[in-house]
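Participant: To start, I am sharing the structure in question, which I have written as structure tokens.
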Amino acid sequence: MAIQRTFSIIKPDAVAKNLIGAIYNRFESAGLTIVASKMIHMSQEQAEGFYAEHKERPFFASLVEFMTSGPVMVQVLEGENAVLANREIMGATNPAEAARGTIRSCFATEVSENAVHGSDAVESAAREIAYFFSDDEICPRTR
Ligand code: DGI
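In my numbering, the protein residues as written are -10 to 132.
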């Protein structure tokens, strides 16, 4: 299986609940390596651009409002089959439908405030990583 990179966000609800360390532990315990990481407070323009594919959806305005409501952690995760591996440990979009033990099941209750984002494909991962990180901010392991 190929080594992949995926893009992840710890959303404002989970940052506000002091869950950064607990969620980073989930990533590392699953064999994913954090190769880039920073805290940001997204501007409205940044959030609208990131979720542009959802522009026509009825929840778009509230999604942007939520994503700009507080700081987030953005990170690049690297590992075998990283895109799917991260989606699996995140759980389904709606925490009520997320498998027991997943991040969304343990740390969220609402579809509108569901703790984490993770890229859904290798192509979107590349686009999302480039949206938030420059190449020199990514630090692959050397030991
Ligand atoms: O890739 P996901 O985050 O699992 O899901 P997505 O790309 O379909 O949707 C992006 C985000 O938009 C999702 O994490 C939460 C929000 N969202 C999706 N569907 C709904 C929603 N928010 C509300 N309020 N209602 C929805 O039906």
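Using N, Cα and C, we set each Cβ at its ideal position, and we do this for glycine too.
(1) Looking at chain C, is there any beta carbon in it that lies within less than 7 Å of the beta carbon of Tyr13?
(2) Alpha carbons only, please: which of Met(-10), Thr57 and Arg(-6) is nearest the one belonging to Ile29?
(3) What I want to know is whether the C-beta of Asn70 ends up closer than 6 Å to one or more non-hydrogen atoms of the ligand DGI.
(4) Quick check: the Cα distance between Glu17 and Gly10, rounded to an integer number of angstroms?
(5) Are there three or more Cβ pairs, one per stretch, closer than 8 Å when the stretch 79 to 93 is compared with the stretch 32 to 48?
(6) Among Leu8, Pro47 and Arg15, whose alpha-carbon lies nearest the alpha-carbon of Glu77?
(7) Quick one: using the 10 Å Cβ neighbour count with 16 as the cut-off for buried, is Met(-10) buried or exposed?
(8) One question on the structure: do Gly68 and Gly107 come within less than 7 Å of each other, judged by their Cβ atoms?
(9) Return the CA-CA distance between Leu52 and Val100, expressed in angstroms with no decimal places.
(10) Kindly indicate which three-state DSSP category Phe49 falls into: helix, strand or coil?
(11) Quick one: what's Val63 bridged to in DSSP?
(12) For the ligand DGI, I want to know if Leu52 counts as a neighbour, meaning its beta carbon is within less than 6 Å of at least one of the ligand's heavy atoms.
(13) Does the Cβ of Phe134 have 16 or more other Cβ atoms within 10 Å, making it buried, or fewer, making it exposed?
Facilitator: With the given structure in hand:
(1) This model lacks chain C altogether; it includes just one protein chain.
(2) Thr57
(3) no
(4) Between the alpha carbons of Glu17 and Gly10 lies a distance of about 10 Å.
(5) no
(6) Arg15
(7) So Met(-10) counts as exposed.
(8) No, the pair does not count as a contact, with Cβ atoms beyond the cut-off.
(9) 10 Å
(10) Phe49 carries a helical assignment under DSSP once its states are collapsed to helix, strand and coil.
(11) Ile(-2) and Lys27
(12) yes
(13) Because the chain here runs from -10 to 132, residue 134 falls outside it and cannot be looked at.
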